[in-house]
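In what follows, a structure is listed as structure tokens, so that the remarks can point back to it.
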Amino acid sequence: MLLTIVLTVIALLIAADQMIKIWVLQNLAGNPSQPAIPHLLQLTYVENRGAAFGILQGRGGILSVLTLAIIIVLLVLLIRKKFHKNPLVMWCVALIIAGGIGNLIDRILRGFVVDYLDISPLFNFPVFNLADCCVVIGTFLLMFYLFFLEGRQTKKNQAKDIKGDGEAG
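Residue numbers (the numbering used here): 689 to 857.
Right, dumping it as structure tokens:
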């Protein structure tokens with residue numbers, strides 16, 4: 689049941705990402721930036737032919753193959769229930785998969801990723817999109833878990849096992 693929910697959320701995030709990008713292509717391409725939240729967020733059409741922060745410009749083929757490989761590995765692990773013991777890890781992986789697929793669709797269909805979220809009124813930061821948010825949030829939370837929480841959880845589980853073994857004897 690949980691896997692079905694996770695896969696549904698992945699599909700919904702991909703659909704939302706693609707619908708927003710279609711709207712951006714129809715309404716913002718060739719037009720100046722539009723304020724969304726004054727002094728915080730504007731909508732700016734950008735064709736990103738690279739990866740995050742504009743790195744690997746013009747290397748869409750390599751990015752597509754690498755992205756597809758990562759998505760396949762994560763999907764296989766997700767479907768084989770390798771992450772089900774830890775819901776946080778499972779949801780992090782789901783976000784990474786959804787974002788990766790959203791941007792991969794762009795690279796395959798258009799040859800570039802449609803970016804539109806522009807926080808430059810507040811920070812000097814590259815324009816990004818919903819799929820990027822999914823990948824970054826999923827990756828950040830996964831790294832936080834791996835570096836700060838996993839060790840504590842493992843120690844807690846080991847303590848429970850030791851306590852349980854002591855009671856059995």
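From the three backbone atoms N, C-alpha and C, an ideal C-beta is built for every residue, glycine too.
All of these numbers come straight from a predicted model, not from anything done at the bench.
In angstroms with no decimal places, state the Cα-to-Cα distance between His-772 and Leu-763.
13 Å
Backbone secondary structure at Asn-736 - three-state DSSP
strand
Under 8 Å Cβ to Cβ from Tyr-833, same chain only, skipping five residues before and after it: list those, please.
Asn-774, Leu-776, Val-777, Cys-780
Local Cβ density within 10 Å of Gln-730, reported as buried at 16 or more and exposed below that
buried
Beta-bridge partners of Pro-723, as assigned by DSSP:
Gln-730
Alpha-carbon to alpha-carbon, Gly-839 and Gly-857:
For Gly-857, the predicted structure reports a pLDDT of 46, less than 50, and the residue's modelled location is therefore unreliable. A value from the coordinates is still provided. Answer to the nearest angstrom: the Cα atoms are 27 Å apart.
Can you find the residues in the same chain that come closer than 8 Å, C-beta to C-beta, to Val-802, ignoring five residues on each side of it along the sequence?
Lys-709, Val-712, Leu-713, Tyr-733, Val-734, Glu-735, Asn-736, Asp-794, Asn-817
Expressed to the nearest angstrom, what Euclidean distance is found between the alpha-carbon atoms of Leu-765 and Leu-691?
11 Å
Three-way DSSP call (helix, strand, coil) for Asp-815 in this model:
Inspection of the sequence shows that residue 815 is occupied by Val rather than by Asp. Residue state, collapsed to three classes: coil.
Starting from the Cα of Gly-746, find the closest Cα among Gly-799, Val-824, Cys-822 and give me that residue.
Gly-799
Give the DSSP bridge partners of Ile-806, in chain order.
Per the sequence presented here, residue 806 reads as Asp, with Ile not at that position. Paired residue(s): Gln-730.
Quick one, are the C-beta atoms of Val-694 and Ala-782 less than 7 Å apart?
yes
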